[in-house]
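Notes follow once the structure below has been shown.
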Amino acid sequence: AKSRQKRDAKRKKKAEISSLDYRSNPYTDPQIQYNSRTCKIQTLYVSFRDLQWQDWIIAPDGYDAYYCSGECNFPLNAHMNATNHAIVQTLVHLVNPGKVPKPCCAPTKLSPISVLYFLDESNVILKKYKNMVVKSCGCH
Amino acid sequence: GSGCSERTSGLYVDNGYDQTVVHRVITQREKREVEHEILNLLGLPDRPPKHKANSAGPQVKRSAPKFLLDIYRNGLADEESREHQTEFGLSGQDLRAIDQSDVIMTFAAHNHHVPSVRHERGKRLWFDVSEVPENEHMINAELRLYRSLDQAKSAKNRGAFTLTAYRVLRLEDGERELQYIDAVNATAGREGWLSLNVSEALQYWVANPAGNRGLYLSVHPADRQVHEMKPEDIGVVGFRGVAERQPFMVAFFKSSGIRSRAAA
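Residue numbers (the numbering used here), protein chains in the order written: chain A, 46 to 185; chain B, 8 to 271.
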């Protein structure tokens, strides 16, 4: 019973601190956290067809490149990654916002695409391009 | 011109949300420049000329683009459907080379005529390999030929034959000097693609472009090595044959990681 009382007191204290943190820190406010400008993956389709390269690039017609955009506010969404440096930079930014900027929202994982195109009138090439598609975003 | 987290008069710029810049629609010329930059990044600095529009349609029906399109589609497919056999009859070595490759190039066969050369009964095939990327490690190169039994001149010519590829070394007074490259047996009554390993020849041509005098293809009945025949007599499709059965060369490369780009 004693240990339960101790545990409950600890939990209560922790809850108080955490609610205080949220009140005093706009960067951890869920309202701000999930606004449209939070760092996240955004849709970007590169269309070779729209660029009128389809007479030259045989496949694909285009590809989902995606991009990362938004502000690095903490805590990030659960699926977001941030480097230790980014967290430190955010904290220093809170102390001195005019001097130290927020960290960058950038890709953390990228994947390749393959493109098939005519090299000239008769020769054809299938080439793998690394790091062309954003798989996930995070703060750096 | 502002990068991520760059400060501009007290405001920091973040991911394109630069509040100090008024966004505008770019001009047609600027749009072209941006497109050119994307092409440059892809290692394709020149836009295709406009007059070539829609020329891709019939070209894609040729054997070499079809071969690569087959590999491209197979590469996108999941494991289960990837195991289906393609019409090009890919060997285990081919599949390994495909998996290891960063660049796969095909070269259409040309009739690169050299006036002083007597061709006798064999066939000379020439490939423009000037576009082979520098700094790439070649894994393998193959010459692919299609044997169509319908096109064999007689029932006798549907039997077993040996196809041998030689690299043409020197041409003096109309005489050839040949170096053996590889040989393959075309089994009796079997139609389809035949492949010969021509890695050695391609490596030599890339290193010595002036020495590219093509390949000489010789055909003999499997049991009589002295009797040379024309490849078309046994049904081997030439570069003037049906588009999807024309001979071509394919090379597999592994990227060295060094990227050469045209100056922007």
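All C-beta atoms in this analysis are idealised placements derived from N, C-alpha and C, irrespective of residue type, glycine included. All values derive from a computational prediction rather than experimental measurement.
Pairwise C-alpha distance: residue j and residue i
i	j	result
A:Ile-170	B:Leu-156	30 Å
B:Pro-238	A:Phe-163	29 Å
B:Phe-168	B:His-227	6 Å
A:Pro-105	B:Glu-138	22 Å
B:Ala-300	B:Gln-210	Chain B is shown from 8 up to 271; residue 300 of chain B falls before or after that span and cannot be answered.
B:Gly-47	B:Arg-103	Correcting the residue type first, residue 47 of chain B is Asn in the shown sequence and not Gly. If you take the alpha carbons of B:Asn-47 and B:Arg-103, they lie about 30 Å apart.
B:Asn-204	A:Gly-183	47 Å
A:Asp-109	A:Trp-101	19 Å
B:Ser-225	B:Tyr-173	8 Å
B:Arg-220	A:Asp-95	42 Å
B:Phe-260	B:Ala-148	9 Å
B:Gln-186	B:Leu-176	7 Å
A:Gly-143	B:Ser-263	44 Å
A:Lys-175	B:Tyr-79	16 Å
B:Ile-45	A:Val-91	10 Å
B:Gly-129	B:Lys-160	16 Å
B:Arg-296	B:Gly-242	No answer is possible for residue 296 of chain B: the residues shown for chain B start at 8 and end at 271.
B:Pro-244	B:Asp-101	Here residue 244 of chain B turns out to be Val, not Pro, going by the sequence shown. Near 22 Å, if we compare the C-alpha coordinates of B:Asp-101 and B:Val-244.
A:Gly-107	B:Ile-33	22 Å
B:Arg-165	B:Arg-247	21 Å
A:Val-178	A:Pro-152	9 Å
B:Ser-70	B:Trp-200	11 Å
A:Gln-134	A:Val-145	7 Å
B:Phe-95	B:Pro-140	25 Å
B:His-234	B:Asn-192	15 Å
B:Ser-206	B:Val-213	11 Å
B:Asp-109	B:Leu-97	18 Å
A:Trp-98	B:Arg-39	12 Å
B:Val-67	B:Tyr-223	27 Å
B:Ile-188	B:Thr-171	8 Å
B:Gly-17	A:Asn-141	Residue confidence is low: B:Gly-17 scores 34 on pLDDT, short of 50, so the model does not pin down where it sits. Its coordinate-derived value is still stated next. Going from the Cα of B:Gly-17 to the Cα of A:Asn-141 covers about 12 Å.
B:Tyr-184	A:Lys-154	First, the residue type needs correcting, since residue 184 of chain B is Glu and not Tyr in the sequence shown. Near 54 Å, if we compare the C-alpha coordinates of A:Lys-154 and B:Glu-184.
B:Trp-295	B:Glu-143	As shown, chain B starts at 8 and ends at 271. That puts residue 295 of chain B outside it, with no answer to give.
A:Ala-127	A:Leu-89	22 Å
B:Asp-135	B:His-43	26 Å
A:Ala-131	A:Cys-84	13 Å
B:Ala-249	A:Leu-161	A small fix is needed here, since residue 249 of chain B is Val in this sequence, not Ala. Answer to the nearest angstrom: the Cα atoms are 22 Å apart.
A:Pro-157	A:Pro-120	30 Å
B:Asp-230	A:Phe-93	53 Å
B:Glu-37	B:Asp-53	16 Å
B:Ser-202	B:Ala-208	14 Å
N- and C-terminal bounds of the beta strand (DSSP E) containing residue i
i	result
A:Thr-153	150-163
B:Asn-204	199-204
A:Gln-134	It is not in any beta strand (DSSP E) - A:Gln-134 instead sits in the alpha helix (DSSP H) that spans 129-140.
B:Val-249	Careful: B:Val-249 lies outside any beta strand (DSSP E) and carries neither H nor E.
A:Cys-182	169-184
A:Gly-107	107-109
A:Lys-144	Run containing A:Lys-144: none; DSSP gives neither H nor E here.
B:Glu-239	No beta strand (DSSP E) holds B:Glu-239; DSSP gives it neither H nor E.
B:Ser-225	222-228
B:His-144	143-154
B:Arg-131	130-132
A:Val-91	90-92
A:Lys-85	85-87
A:Ala-104	102-104
A:Cys-117	It is not in any beta strand (DSSP E) - A:Cys-117 carries neither H nor E in the DSSP assignment.
Unbroken alpha helix (DSSP H) run spanning residue i, endpoints
i	result
B:Asp-109	Careful: B:Asp-109 lies outside any alpha helix (DSSP H) and carries neither H nor E.
B:Glu-234	In the sequence under discussion, the amino acid at residue 234 of chain B is His, which differs from the Glu named in the question. From DSSP, B:His-234 is part of no alpha helix (DSSP H); its letter is neither H nor E.
B:Lys-38	35-48
Presumed contact (8 Å Cβ cut-off) between residue i and residue j, rounded CB distance
i	j	result
A:Cys-113	A:Lys-147	At roughly 14 Å, the Cβ-Cβ gap does not stay under 8 Å, so A:Cys-113 and A:Lys-147 are not in contact.
B:Glu-198	B:Arg-154	6 Å
A:Lys-173	A:Ser-159	5 Å
B:Leu-75	B:Ile-111	6 Å
B:Met-145	B:Ala-217	About 19 Å; that fails the 8 Å criterion.
task: Could you please tell me which residues of the region 233-246 of chain B, in chain order, have their CB closer than 7 Å to any CB of chain A?
output: none
Residues in the region 96-115 of chain B having any Cβ partner in chain A nearer than 8 Å: If you check each beta-carbon in the region 96-115 of chain B against every beta-carbon of chain A, the ones closer than 8 Å belong to Ser-108, Asp-109, Val-110, Ile-111, Met-112, Thr-113, Phe-114, Ala-115.
field: Chain-ordered residues of the region 35-54 of chain B with a beta carbon less than 9 Å from chain A
entry: Sequence-ordered contacts of the region 35-54 of chain B with chain A read Glu-42, Ile-45, Leu-46, Leu-48, Leu-49, Gly-50, Leu-51, Arg-54 [C-beta pairs closer than 9 Å].
message: If the cut-off is 7 Å on Cβ atoms, which residues from the region 67-80 of chain B count as contacting chain A, listed in chain order?
response: Val-67, Ala-71, Pro-72, Leu-75, Leu-76, Ile-78, Tyr-79
- request: Taking a Cβ distance cut-off of 9 Å, strictly less, list which residues of the region 159-176 of chain A are near chain B, in chain order.
  value: Ser-159, Val-160, Leu-161, Tyr-162, Phe-163, Leu-164, Asp-165, Glu-166, Ser-167, Asn-168, Val-169, Ile-170, Leu-171, Lys-172, Lys-173, Tyr-174, Lys-175
- prompt: Between the region 138-154 of chain B and chain A, which residues of the former have a C-beta closer than 8 Å to a C-beta of the latter?
  reply: Glu-138
message: Three or more C-beta pairs under 8 Å: does that hold for the region 104-117 of chain B against the region 239-258 of chain B?
response: yes
- prompt: What residues in the region 99-116 of chain A have a beta carbon less than 8 Å from any beta carbon of chain B?
  reply: Answer in chain order: Gln-99, Asp-100, Trp-101, Ile-103, Ala-104, Cys-113, Ser-114, Gly-115, Glu-116.
Residues, ordered as in the chain, of the region 204-231 of chain B that lie near chain A by beta-carbon distance below 8 Å: none
message: So if I threshold CB-CB distances at 8 Å, which residues from the region 248-260 of chain B count as touching chain A?
response: none
query: Can you list, in chain order, the residues of the region 137-157 of chain A whose Cβ is nearer than 8 Å to any Cβ on chain B?
result: Flagged, chain order: Gly-143, Pro-146, Lys-147, Pro-148, Cys-149, Cys-150, Ala-151.
message: Counting only Cβ-Cβ distances shorter than 9 Å, please list the residues of the region 85-98 of chain A near chain B, keeping chain order.
response: Val-91, Leu-96, Gln-97, Trp-98
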